[in-house]
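**Student:**
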């Protein structure tokens, strides 16, 4: 028969062991707290000086860094210049800090441009609203085979949006002069300038041709109106008249878009509205006066702990050597 080892004596020993461990833990905690109080008491002057120095240095760093602003320029890249816009923005970003480069653009301070990034203005409704059935069918096919939100923000899709926004960041108050300098750089390309002339010329020809067609349609409608007044209308002409009216409406809508596009063709990258000096807080900006005091005090405490630990280890080894002798 197996021997029963769970005696009351063993349980009492287990309880005493656990109780001793708990008491030891609280004793060590109390000792540590007392030592911390004693440490603060002994070094209170040094700690106060370090805290004040940290606050002062933090204020200095916050002042030196200064504010951080986000600026936005809403643009329309014309003449299939979307990829050009994004690559030029990357180039601008690579020249941040180059005072000579930005001075040539009329931007006299490198603080005016600290970072440049272009993003599309996602407008899927405008994307499919245009009379381009191919766009709609492609988008529909892609949506059937994936997440529509991801497709809308995909690089391939996003570069087909009409409007894009140039985000540039500055560490001082930005002005219209900086916007003009950036747009001057973006619109300085000989090839696209030649394309601009041809596209503008073609658009003017197209507008003139559509105006002629509209006059001809108006002539047909006037002739039809005279027939109606003479009561000589043939009923099978109504279907043809309906097609004429639809064609006129289509041309009127197209002319409206063409005239707006002609205005936008005045620049390769046509700038619209600009929103300047949006305060852009970052994780650490403006908080150095709170961070540096903690850092200074923490470094001092760690150094003091290390020196205390080192002295204890040296003393232990001295005792061991003495006992062995």
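In the numbering used here, the protein residues as written are 3 to 327. Here a beta-carbon is modelled for each residue, glycine too, at the ideal position from N, C-alpha and C.
1) DSSP puts residue 281 in a beta bridge; with which residues?
2) At the level of alpha carbons, what is the spacing between residue 47 and residue 299?
3) Answer yes if the stretch 49 to 58 comes into contact with the stretch 164 to 177, meaning at least three C-beta pairs across the two stretches below 8 Å, and no otherwise.
4) Going by beta-carbon coordinates alone, are residue 78 and residue 187 separated by less than 8 Å?
5) Quickly, what does DSSP pair residue 121 with across the bridge? List them, please.
6) Tell me which residue opens and which closes the alpha helix (DSSP H) that residue 106 is part of.
7) In three-state terms, what does DSSP make of residue 275?
8) Roughly how many angstroms lie between the CA atoms of residue 253 and residue 193, to the nearest whole one?
9) By Cβ distance below 6 Å, which residues in the same chain neighbour residue 264 in space, the five residues on each side in sequence not counted?
10) Only counting the same chain, and skipping five residues up and downstream in sequence, which positions put a Cβ closer than 8 Å to that of residue 115?
11) Excluding sequence positions up to five away, which residues of its chain have a Cβ less than 6 Å from the Cβ of residue 278?
12) Report the rounded CA-to-CA distance for residue 295 versus residue 163, giving the unit in angstroms.
13) Opposite residue 78 in the DSSP bridges: which residues?
**Tutor:** In short, the structure shows the following:
1) Per the DSSP secondary-structure output, residue 281 pairs in a beta bridge with 71.
2) Taking the straight line joining both Cα atoms gives about 12 Å.
3) Too few Cβ pairs lie closer than 8 Å, so no.
4) It is not a contact, given that the beta carbons lie outside the stated cut-off.
5) Residue 121 has 167 as its beta-bridge partners, per DSSP.
6) Residues 101 to 106.
7) Strand, per DSSP.
8) Rounded to whole angstroms, residue 253 and residue 193 show a C-alpha spacing of 31 Å.
9) For residue 264, where only same-chain residues beyond five positions count, the Cβ hits under 6 Å are 205.
10) Taken in chain order, the residues that qualify are 94, 98, 104, 109, 170, 171, 172, 180, 184.
11) Residues 73, 176 of the same chain have their beta carbon placed closer than 6 Å to that of residue 278, with the five preceding and five following residues left out of the count.
12) If you draw a straight line from the Cα of residue 295 to the Cα of residue 163, it is about 49 Å long.
13) In DSSP, residue 78 forms a bridge with 272.
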